[in-house]
């Protein structure tokens, strides 16, 4: 992956909620190995922006470009390289951690991602919880399961909406490490958070 | 096996596992189906000559209503917990995943009714030729109801109280299925061929399999945005 090309580009993006303008004519671009942290007050449009970048909500104006093409025109290609973690984790509470991850890996992920299941569970510290239904896990542990799913999918672009919610100190360190590792390998991340994330010059900030 | 097909199988398996973990809810549509049918001999008349005439309509209307009430559960939990969002962001076509969900929903709600229907037919003293036609029409008709219904569910899943609206949207579309299916059973009881009605139902099923997943996927994207 070339470090000099902008993989993700946002051009002239605007979002309105009724009469209220959340943001207008927004421009930024991200290269491989860079992360963008979006900050702003409650209701400033952080989640709306993430949903537009993920391609879930069509923008009122402007375009989101991935590798130079509009994401609407290359949805399958874009989706295979992007992972989104929102407020709703998308886990089935009645299924065990492993069942959740196995199903998600095949439905959303690459062909061989199941081979890494044990490693990924180890990474997020849930190896001994694999057979428990998600229902009995704590909020922080559920967040970790969702992180494990993101790792399994093996995406290039991570879109994280408040990833530190409900996590303990260890969890916050974990995400920072995972992000650092992800960026080292040329990945990209766009996230909203009020935490300061120790990623040095690779982290750019955007205030809404 | 292609990646899309594997995703289809994985989603069907996941939904069946979820249904199995909620066994109690699984029985509700089936019980409703049985209760409605058994009310007719009590409420109208236990005379077998009359029941035989009413049987196709009664069983089909009960199946249609039971199917309608179970429709809402098709995307509800996936919408509420964000699993649907994740599906919409999958590299596989959403219409394929929709088809998997409709198929799993049919296995859980339609197939049990299909198995129960001959017994209810016997309750209403439907002759063997009628039972055969009833099974055939249900086999073609129940997936058809699920596919057509999925469009309505996808449109209303984002609404807090979408139930009544869903009924109003979907029920008119069910009428042709009801007419052809009950007519086929009545005609079969009279000893006449039912090829025409079956071909018509099959044509509708092919049309629904071809078009409904795309309409449902588009409606889900609107509900999610």
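Residue numbers (the working numbering), protein chains in the order written: chain A, 1 to 208; chain B, 1001 to 1225.
Idealized CB from N, CA, C, for every residue including glycine.
Per-residue contacts from residue i into chain A (C-beta, under 7 Å)
i                       : result
residue 1087 of chain B : 107
residue 1225 of chain B : 56, 57, 58
residue 1007 of chain B : 106, 107
residue 1030 of chain B : Residues of chain A passing the Cβ test: none, with the nearest at roughly 20 Å.
Three-state class that DSSP yields for residue i in the structure shown
i                       : result
residue 1087 of chain B : helix
residue 1172 of chain B : helix
residue 143 of chain A  : helix
residue 1 of chain A    : Because the pLDDT at residue 1 of chain A is just 44, under 50, the model does not fix this residue reliably, and the point stays unresolved.
residue 1030 of chain B : helix
residue 173 of chain A  : helix
residue 208 of chain A  : coil
residue 1015 of chain B : helix
residue 1112 of chain B : helix
residue 37 of chain A   : strand
residue 1195 of chain B : helix
residue 1143 of chain B : helix
residue 192 of chain A  : strand
residue 197 of chain A  : coil
residue 1008 of chain B : helix
residue 202 of chain A  : helix
residue 1206 of chain B : helix
residue 17 of chain A   : strand
residue 23 of chain A   : strand
residue 1118 of chain B : helix
residue 185 of chain A  : coil
residue 11 of chain A   : strand
residue 161 of chain A  : strand
residue 1095 of chain B : helix
Proximal chain A residues relative to residue i, where beta-carbon distance stays under 9 Å
i                       : result
residue 1022 of chain B : 94
Top-ranked residue by Cα proximity to residue i, from the options
i                       : options                        : result
residue 198 of chain A  : A/54, A/13, A/36               : A/36
residue 92 of chain A   : A/145, A/74, A/154, A/34       : A/145
residue 1139 of chain B : B/1026, B/1063, B/1014, B/1023 : B/1063
residue 1034 of chain B : B/1086, B/1024, B/1066, B/1023 : B/1066
residue 68 of chain A   : A/106, A/45, A/11              : A/11
residue 1102 of chain B : B/1120, B/1073, B/1177         : B/1073
residue 200 of chain A  : A/17, A/13, A/27, A/33         : A/33
residue 206 of chain A  : A/73, A/40, A/77               : A/40
residue 1058 of chain B : B/1084, B/1197, B/1111, B/1123 : B/1123
residue 46 of chain A   : A/75, A/74, A/16               : A/16
residue 1177 of chain B : B/1096, B/1095, B/1145         : B/1145
residue 1117 of chain B : B/1105, B/1136, B/1155         : B/1136
residue 1134 of chain B : B/1081, B/1093, B/1189         : B/1189
residue 1169 of chain B : B/1187, B/1150, B/1184         : B/1150
residue 55 of chain A   : A/189, A/44, A/165, A/74       : A/74
Residue i: CB within 7 Å of a non-hydrogen atom of the ligand GDP
i                      : result
residue 147 of chain A : In the structure shown, the ligand GDP is absent, as is every other ligand, since no ligand is present at all.
Amino acids of chain A, ordered along the chain, whose beta-carbon sits closer than 8 Å to that of residue i
i                       : result
residue 1091 of chain B : 76, 77, 79, 80, 108
residue 1097 of chain B : 107
Residue i: contacting residues in chain B (beta-carbon distance under 9 Å)
i                     : result
residue 99 of chain A : 1014, 1017
residue 90 of chain A : 1078, 1081, 1082, 1083, 1084, 1085, 1086, 1087
Chain-ordered chain B contacts of residue i [CB-CB under 8 Å]
i                      : result
residue 86 of chain A  : 1082, 1085
residue 103 of chain A : 1010, 1011, 1013, 1014
Amino acids of chain B, ordered along the chain, whose beta-carbon sits closer than 7 Å to that of residue i
i                     : result
residue 12 of chain A : Per Cβ cutoff of 7 Å: no residues; residue 12 of chain A is ~19 Å from chain B at best.
Notebook entry, point to check: At what residue ranges does the stretch 60-113 of chain A contain a whole run of the alpha helix (DSSP H), taking only runs of 4 or more?
Noted result: For the stretch 60-113 of chain A, whole alpha helix (DSSP H) runs of length 4 or above, ordered along the chain, are 75-80, 97-108.
Note to self: Quick check on the DSSP output: what are the complete alpha helix (DSSP H) runs of length 4 or more inside the stretch 1034-1089 of chain B, in order along the chain?
What the structure shows: With a minimum length of 4 residues, the continuous alpha helix (DSSP H) runs that stay inside the stretch 1034-1089 of chain B are 1048-1071, 1076-1081, 1083-1088.
Checklist line | Members of the stretch 1201-1215 of chain B that neighbour chain A once the beta carbon cut-off is set at 7 Å | finding: Taking 7 Å as the Cβ-Cβ cut-off against chain A, none of the residues of the stretch 1201-1215 of chain B qualify.
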